[in-house]
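Trainee: I am attaching a structure below and will ask some questions about it afterwards.
Residue numbers (full-length UniProt numbering): 1 to 348.
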C-alpha cells in the first residue's frame, strides 16, 4: 500500500511543477518582449528618417511624430522591424497599440483646432499638444509623443562636464594674456557681426519679396529655431509658405512704413564728429579692458594710498606736536586783536 500512495503523490506533484515552469517561461517571455519593444522604440526614435518635432504638452517639452508617417517608415526600413523578432510580421497599427500599452508612447491631439486668420489649413506640426482621450492608433491627424527619456549620447555627456570649465574660463577673462584677449575679443565680435548681418540680410530679402511679389520666403528658415537638426539649420532653399498671399493694401502699407523708418534713421544719424567721439569712447573702453592686469591694478591701488598716508602723518604727527595748529590759531587771534583798536579809533 505504500507504493501506490507514493505514486499518487508523485502524480499530484508533477502538474504543479509544470505549471510553475510554464509561469516562469511566460514571465521570461513577457520580459523579453518588453525589452525588445524598448529597444525598438529607442532605435525608431534615434532614426532621423522618421520626422519628429518638439512641442509643449502640459508644461512639458515632448518629442512627437505623426501617425500617418509611421507605416511609411516601417515599410521603408524593414531592418528596424527585425528587432521585434517574432512580432516583426505585425502591421503598424498593432505595433503602435503595443507601444501604447507599454507606455512607451502616448497619443496626443492639437490644442488649437481652428484655422488662424490668414491661413488655409491647420499647422502640420503644432507647437502645443494635449493628451487624446482615445489611446489607439489613427492616421487621421494623430500625433504620438515619446514618454521615455532619450538615451544621452557620448558627446552630450562630455559637453555637460565641459560647460562648468567654459563658465570658469569666461570669468577669468580679465587675467588672460594680452594676445589671448585679442583672439577672444575678435572671435566673439566676428561671430556676433556674422549673426547680425545674416539676420539683417534675411529680413531685407523677405521684405523685398513680400512687397514686390507678395510671397513669404525666408532664407535659412530655421536659423532662429530652438530645436532643429544641423541639416535643417543650413538648408537654404525654403519650403512653400502656407496661407493665402497678402493683399496689395498691406504690401503698400509695409512699403511706406519701411521708407519712413529709413528716412527717420537717416535724418537722426550722427555726424562725423559724433561718430568720432563714440568710436574714441568705445576704443578707450576696449583698451582699458585689454590692458588691465592684476599687477597694474595692485600698483595703482598702492599709488593711490601712498599720498593719503603722507597727508595723514603730516596733519597728525606721531609725537603729538600740535605746534602748527597752535601757531595758526595764534595768528588768527592776533589778527582779531589788531582789528579791535582800529575800530575803536574810527569810532572816536
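Note that the Cβ used here is the ideal one computed from N, Cα and C, for glycine as well.
1) How many angstroms separate the CA atom of residue 149 from the CA atom of residue 129?
2) Compare the Cα-Cα distances from residue 201 to each of 220, 84, 211 and report the closest residue.
3) Could you tell me if residue 14 is buried or exposed, where buried requires 16 or more neighbouring beta carbons within 10 angstroms of its beta carbon?
4) Are the Cβ atoms of residue 248 and residue 214 separated by less than 9 Å?
5) What span of residues does the beta strand (DSSP E) with residue 63 cover, start to end?
6) Span of the alpha helix (DSSP H) holding residue 180?
7) Taking just the CA atoms, how far does residue 44 sit from residue 82?
8) Is the beta carbon of residue 246 closer than 9 Å to that of residue 216?
9) Would you mind stating whether residue 181 and residue 194 have Cβ atoms separated by less than 9 Å?
10) Taking 8 Å as the threshold, find out whether the segment 67-75 comes into contact with the segment 38-58 through three or more Cβ pairs.
11) Could you check if residue 107 is buried or exposed, using at least 16 other CB atoms within 10 Å of its CB as the buried criterion?
12) The alpha helix (DSSP H) that contains residue 82, what's its start and end?
13) In this structure, does DSSP put residue 56 in helix, strand or coil?
14) Assess, as a yes-or-no matter, whether the segment 97-117 is touched by the segment 132-150 under the definition of 3 or more beta carbon pairs within less than 8 Å.
15) State the DSSP-derived secondary structure class of residue 236, mapped to helix, strand or coil.
16) Does DSSP classify residue 35 as helix, strand or coil?
17) Which residue from 85, 115, 147, 160 puts its Cα closest to that of residue 65?
18) Can you tell me which residues form a DSSP beta bridge with residue 145?
19) Would residue 177 be called buried (16 or more neighbouring beta carbons within 10 Å of its own) or exposed?
20) What's the call for residue 186, buried or exposed, on a 16-neighbour Cβ count within 10 Å?
21) Which value, in whole angstroms, describes the spacing of the CA atoms of residue 76 and residue 264?
Mentor: On the basis of the data shown:
1) Counting from one through the chain shown, the residue named residue 149 turns up at place 149. Counting from one through the chain shown, the residue named residue 129 turns up at place 129. Distance between the alpha carbons of residue 149 and residue 129 is about 18 Å.
2) What you label residue 201 is simply residue 201 of the chain shown in a count that begins at 1. Closest option to residue 201, Cα to Cα, is 220.
3) In the chain shown, counting from the first residue as 1, residue 14 sits at position 14. Bear in mind that a pLDDT of 38 at residue 14, under 50, signals an unreliable position, so the number given afterwards is only what the model happens to contain. Counting Cβ neighbours within 10 Å, residue 14 comes out exposed, since fewer than 16 surround it.
4) Here residue 248 refers to the residue found at position 248 of the chain shown. Here residue 214 refers to the residue found at position 214 of the chain shown. Yes, they are a contact pair.
5) Looking up residue 63 in the chain shown gives position 63. First-last of the beta strand (DSSP E) with residue 63: 61-66.
6) For the purposes of this step, residue 180 is taken as residue 180 along the chain shown, with counting starting at 1. Element bounds for residue 180: 178-212.
7) Counted from its first residue, the chain shown places residue 82 at position 82. Counted from its first residue, the chain shown places residue 44 at position 44. Their backbone Cα atoms lie some 12 Å apart in a straight line.
8) Taking the chain shown and counting its residues from 1, one reaches residue 216 at position 216. Taking the chain shown and counting its residues from 1, one reaches residue 246 at position 246. Yes.
9) Indexing the chain shown from 1 puts residue 181 at position 181. Indexing the chain shown from 1 puts residue 194 at position 194. No, the pair does not count as a contact, with Cβ atoms beyond the cut-off.
10) yes
11) Indexing the chain shown from 1 puts residue 107 at position 107. With 16 or more other Cβ atoms within 10 Å, it is buried.
12) Walking along the chain shown from the start, residue 82 turns up at place 82. Segment: none, residue 82 is in no alpha helix (DSSP H) and carries neither H nor E.
13) Reading the chain shown from its first residue, position 56 is the one you call residue 56. Strand.
14) yes
15) Along the chain shown, one-based indexing puts residue 236 at 236. If DSSP states are grouped into helix, strand and coil, residue 236 belongs with coil.
16) As a first step, residue 35 must be located in the chain shown, where it is residue number 35. Helix at residue 35.
17) By 1-based counting over the chain shown, the position of residue 65 is 65. Comparing Cα-Cα distances from residue 65 to each of 85, 115, 147, 160, the minimum goes to 147.
18) Position 145 of the chain shown, counting from 1, holds the residue named residue 145. DSSP lists 64, 106 as partners of residue 145.
19) If you number the chain shown from 1, residue 177 lands on position 177. With fewer than 16 Cβ atoms within 10 Å of its Cβ, residue 177 is classed as exposed.
20) Indexing the chain shown from 1 puts residue 186 at position 186. Label assigned to residue 186: exposed.
21) By 1-based counting over the chain shown, the position of residue 76 is 76. By 1-based counting over the chain shown, the position of residue 264 is 264. Near 58 Å, if we compare the C-alpha coordinates of residue 264 and residue 76.
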